[in-house]
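Protein sequences appear in the order of chains H and A. According to my numbering, the stretch in the first sequence is residues 7 to 218, in order. According to my numbering, the stretch in the second sequence is residues 24 to 33, in order. See below for the structure under consideration.
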Amino acid sequence: MNLFRLMGDVSHVLAVFILLAKIWRTRSAAGISGRSQILFTIVYLARYMDLFFSFISLYNTVMKLLFISASCATVYLIYFKFRATYDGNHDTFRIEFVLVPSLLLAFIFHYSMSFFELAWSFSIFLEAVAILPQLFMVTKTGEAENITSHYLFALGSYRALYILNWIYRYYTEGHFDPIAVCAGIVQTILYCDFFYLYVTKVLQGRKLQVLP
Amino acid sequence: GLSKKVKDEL
Numbered sequence: 007m008n009l010f011r012l013m014g015d016v017s018h019v020l021a022v023f024i025l026l027a028k029i030w031r032t033r034s035a036a037g038i039s040g041r042s043q044i045l046f047t048i049v050y051l052a053r054y055m056d057l058f059f060s061f062i063s064l065y066n067t068v069m070k071l072l073f074i075s076a077s078c079a080t081v082y083l084i085y086f087k088f089r090a091t092y093d094g095n096h097d098t099f100r101i102e103f104v105l106v107p108s109l110l111l112a113f114i115f116h117y118s119m120s121f122f123e124l125a126w127s128f129s130i131f132l133e134a135v136a137i138l139p140q141l142f143m144v145t146k147t148g149e150a151e152n153i154t155s156h157y158l159f160a161l162g163s164y165r166a167l168y169i170l171n172w173i174y175r176y177y178t179e180g181h182f183d184p185i186a187v188c189a190g191i192v193q194t195i196l197y198c199d200f201f202y203l204y205v206t207k208v209l210q211g212r213k214l215q216v217l218p
Numbered sequence: 024g025l026s027k028k029v030k031d032e033l
């Protein structure tokens, strides 16, 4: 474990709790893409299946349980408890367009042809694009509430910090994971446009408006 | 490959 990865995980947990707290406190899923949350749930279920078979550390197990339960809880709040506030008309990104390519990529790029390795590769590729429905929804609604912007900033920062972690591990341990690194770079690039808007708008106290 | 090495990252 290194500081970059720890900060990345903290940023990730922060994002998950910002979103959960926002929906719970405002009792509304307005502006939130339920489809992205479904994709994140699939990502965590596919990646953390080894939870019951291999013990890495208490930290690892606790975090996996936390991400799986928080993403399931978020999907539940959006599609069940606060379903009336879910903005389905603007949450229209076809998730098949990210599910199928991720599955294909997993069959091409994996570290071994075992079910767990295929599921892991699939989850890595899917996570890279899982935010697309949310970013698509922000462009469709033309804006994002401040709290949603903070959620996206924390979520985007998590994988950006992981890139620093991979650089650090490469130079200190010679650790290199090409699948995770390539997908992580793509994932972070997808947030760049948002990062720019966040820094120039939200941090100046203005609302995040995606210029129509 | 990495499958031998333990996947210790989230």
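Ideal Cβ placement from N, Cα and C applies to all residues, glycine included.
Opposing strand residues paired with H/A150 [DSSP bridges]: H/L214
Please report how far the alpha carbon of H/S127 lies from the alpha carbon of H/P107, in whole angstroms. 12 Å
Taking only three categories from DSSP, how would you classify H/I38? coil
On the premise that H/I29 lies in contact with H/A35, defined as a C-beta separation below 8 Å, what is that separation, rounded to the nearest angstrom? 6 Å
Since H/L71 and H/V19 are thought to touch, with beta carbons under 8 Å apart, how far apart are those beta carbons, to the nearest angstrom? In fact, because the Cβ distance is near 12 Å, the residues do not count as touching under 8 Å.
What in chain A is Cβ-close to H/I62, meaning under 7 Å? Near H/I62 (Cβ distances below 7 Å), the residues of chain A are V29, D31.
Check whether the region 47-56 of chain H and the region 179-196 of chain H are in contact - that is, three or more C-beta pairs closer than 8 Å. no
What residues in its chain sit with their C-beta under 8 Å from that of H/H181, if we drop five residues either side in the sequence? W172, R175
Rounded C-alpha distance that separates H/S75 from H/L110: 27 Å
Of all Cβ atoms in chain H, is any one closer than 7 Å to the Cβ of A/G24? For A/G24, the pLDDT reaches just 48, beneath the cut-off of 50, and the residue's location in the model is therefore unreliable, leaving the point undetermined.
For the region 68-102 of chain H, which residues have a CB atom closer than 8 Å to at least one CB atom of chain A, in sequence order? Closer than 8 Å at the C-beta level to chain A, one finds these residues of the region 68-102 of chain H: M69, K70, F73.
Taking C-beta to C-beta, are H/V135 and H/V104 nearer than 7 Å? yes
Considering Cα atoms alone, identify which of H/R53, H/I44, H/A27 is closest to H/F131. H/R53
At least three beta-carbon pairs within less than 8 Å, the region 202-213 of chain H to the region 144-163 of chain H: yes
Keeping to the same chain, check which residues put their C-beta closer than 6 Å to that of H/E133; ignore five residues upstream and five downstream. V49
Euclidean distance between Cα positions of H/L217 and H/I195: 19 Å
Determine the contact status of H/S17 and H/S163, defining contact as a CB-CB distance below 7 Å. Going by C-beta atoms, H/S17 is nearer than 7 Å to H/S163.
Quick one: measure Cβ to Cβ for H/S42 and H/I137, integer angstroms, because I've assumed they're closer than 8 Å. 6 Å
What is the C-beta distance between H/G37 and H/V81, in whole angstroms, given that I count them as a contact (C-beta under 8 Å)? At roughly 16 Å, the Cβ-Cβ gap does not stay under 8 Å, so H/G37 and H/V81 are not in contact.
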